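Below: the structure, in structure tokens.
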Amino acid sequence: MSNALLATAFVAYLSYGERAFSFLPMSHILERTGNYLWQITGLELYYAESIETVIEDMKDAKPHTFITVLEYLRKFMIK
1250 MSNALLATAF VAYLSYGERA FSFLPMSHIL ERTGNYLWQI TGLELYYAES
1300 IETVIEDMKD AKPHTFITVL EYLRKFMIK
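Residue numbering for the sequence shown follows our numbering, starting at 1250 and increasing by one per position.
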């Protein structure tokens, strides 16, 4: 929770009601921190149905932001 509070300074450009997108496993520490961060800042959170549908789900959600880890970005770049 303290990491999420500190991170609010880095997402000050986001406004209440904007959309965030989530596709990391819920047990991942970055995902948990991100969930706290989006709740603190008042963003609407959208989840991917599965890792296979992330790109389609992201097109539907039209997020303003998301967090991820480098390994997931590499996987999407290969596709």
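Just so you know, even glycine gets a beta-carbon here, dropped at the ideal spot from N, CA and C. The structure presented is a predicted model; accordingly, all values stated were derived computationally and were not measured.
Exercise. Mind checking whether Ile1303 and Ala1297 have CB atoms under 7 angstroms apart?
Worked result: For the purposes of this step, residue 1303 is taken as the residue at position 54 of the sequence shown. For the purposes of this step, residue 1297 is taken as the residue at position 48 of the sequence shown. Residue identity check: residue 1303 is Val in the sequence provided, not Ile. Cβ distance < 7 angstroms, so Val1303 and Ala1297 count as in contact.
For this session: Give the straight-line distance between the Cα atoms of Thr1317 and Leu1279, rounded to the nearest whole angstrom.
Result: Counting from one through the sequence shown, the residue named residue 1317 turns up at place 68. Counting from one through the sequence shown, the residue named residue 1279 turns up at place 30. Between Thr1317 and Leu1279, the C-alpha separation is close to 8 angstroms.
Exercise. Less than 7 angstroms separating the beta-carbons of Arg1268 and Pro1312?
Worked result: Translated into positions along the sequence shown, residue 1268 becomes position 19. Translated into positions along the sequence shown, residue 1312 becomes position 63. In this structure, Arg1268 sits near Pro1312, with a CB-CB distance shorter than 7 angstroms.
Exercise. What does a CB cutoff of less than 6 angstroms around Gly1283 pick up in its chain, not counting 5 residues either side in sequence?
Worked result: Position 34 of the sequence shown holds residue 1283. Excluding residues up to 5 positions away in sequence, Ile1316 lie with their Cβ nearer than 6 angstroms to the Cβ of Gly1283 in the same chain.
For this session: Return the residue from the list Arg1323, Phe1325, Ile1300 that minimises the CA-CA distance to Phe1272.
Result: Here residue 1272 refers to the residue found at position 23 when the sequence shown is read from its first residue. The residue among Arg1323, Phe1325, Ile1300 with its C-alpha nearest the C-alpha of Phe1272 is Ile1300.
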